[in-house]
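Here the sequence shown is numbered in my numbering, starting from 3 and rising by one per residue.
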Amino acid sequence: MDSKLPKTIFITGATSGFGKATAKLFNEHGWQTIITGRRGDRLEELAKELGESSLPLSFDVSDRRSVKSAIDNLPPNFNNISVLCNNAGLALGLEAADNADLDDWDQMIDTNIKGLVYTTRNILPLMIGKGEGHIINIGSVAGSYPYPGGNVYGGTKAFVSQFSLNLRADLVEKGINVTSVEPGLAETEFSLVRFKGNTVKASEVYKNTRFIKPKDIAETIYWVATRPKNININRIEIMAGDQAFNPFNVIKK
Ligand code: NDP
Ligand code: 8X3
């Protein structure tokens, strides 16, 4: 590829939070952005802001056929993808496992796990063909450290972390880099989604504390994506300035 041509990043979940900040930052650095998510109106609005080098594609990552169709039908000027950022995801609920809603569990598995593997599997042939590319998956500290109510959400993010390592094992010979970016507490629409639109509960999460901002994660993703090819960042974990680890929960009888 002519190194003077703009590079292209394909971002899932670009309608808010990390994904939107990532689209803006890569755009500022002259990259083409393929911005995706379910809320088409937000994508159109963002695409207007980013200009002609941005392609909005509205689809649900958990719908296997829609993912394939969106990627199969990429226009030729947008199908030379250098970076896939698998960011779309969500947590639903914070109930203990014995009280959790199985529909919430299904949706987290369908989005955070199945959506991520569908997108990866469909983008890979575009990268393999040119012998270079980088897959950047958004995991979470919830995949490494358990907390009450994290149950299936944490499980899906542990999958993201391990899948990233296994992908790299498969792809090293094909010249494809893989990184798992694992943030902690960050203010996005994450808690609004987790608490199903309850703005009071959502804002409590971020009250009187120093949290990660979407731009911090966008900058991390940009840094990871622009490392020289003699290294691969396997995994990178970022906690908020006022966040650390829980003690073990020892029950006294
Ligand atoms: P937001 O809720 O702000 O953004 C989530 C994005 O995912 C939205 O753009 C949403 O778009 C998209 N999305 C959700 N479900 C689907 C779907 N089925 N198909 C397509 N897109 C979907 O939260 P964040 O920016 O915080 O979340 C981004 C990622 O970061 C997630 O994977 C999350 O688990 C992870 N994360 C978040 C942390 C935090 O504290 N905020 C910390 C660690 C990790 P739309 O609704 O338009 O489809
Ligand atoms: C989101 C971080 O700690 O709220 O993945 O689960 S946490």
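The beta-carbon is built from N, C-alpha and C at its ideal position, and this holds for glycine as well.
Threshold first: 3 residues or longer. Then list the beta strand (DSSP E) segments lying entirely within the stretch 174 to 230, N to C. 178 to 185
Spatial neighbours of ARG44 within its chain, please: CB distance less than 6 Å, with the 5 preceding and 5 following residues excluded, ordered by chain position. THR17
Out of curiosity, what's the CA-to-CA distance linking GLY152 and LEU86? 26 Å
Can you list, in chain order, the residues of its chain with a C-beta nearer than 8 Å to that of PRO8? Leave out the 5 residues immediately preceding and following it. GLY32, TRP33, GLN34, SER55
Alpha carbon to alpha carbon, how far is LYS217 from GLU189? 10 Å
Expected contact under 8 Å - CB spacing of ILE233 and THR158 to nearest Å: Actually they are not in contact, since the Cβ atoms of ILE233 and THR158 sit about 28 Å apart, beyond 8 Å.
Are there 16 or more other CB atoms within 10 angstroms of the CB of GLY53, so buried, or fewer, so exposed? exposed
Inter-residue Cα distance where the pair is ALA242 and THR10: 29 Å
Is the beta carbon of ALA160 within less than 7 Å of some heavy atom of the ligand 8X3? no
From the DSSP output, which residues share a beta bridge with PRO58? ILE37
DSSP three-state label for THR14, please. coil
Neighbourhood of GLU46 by C-beta distance below 7 Å, restricted to the same chain and skipping five residues each side: PRO58
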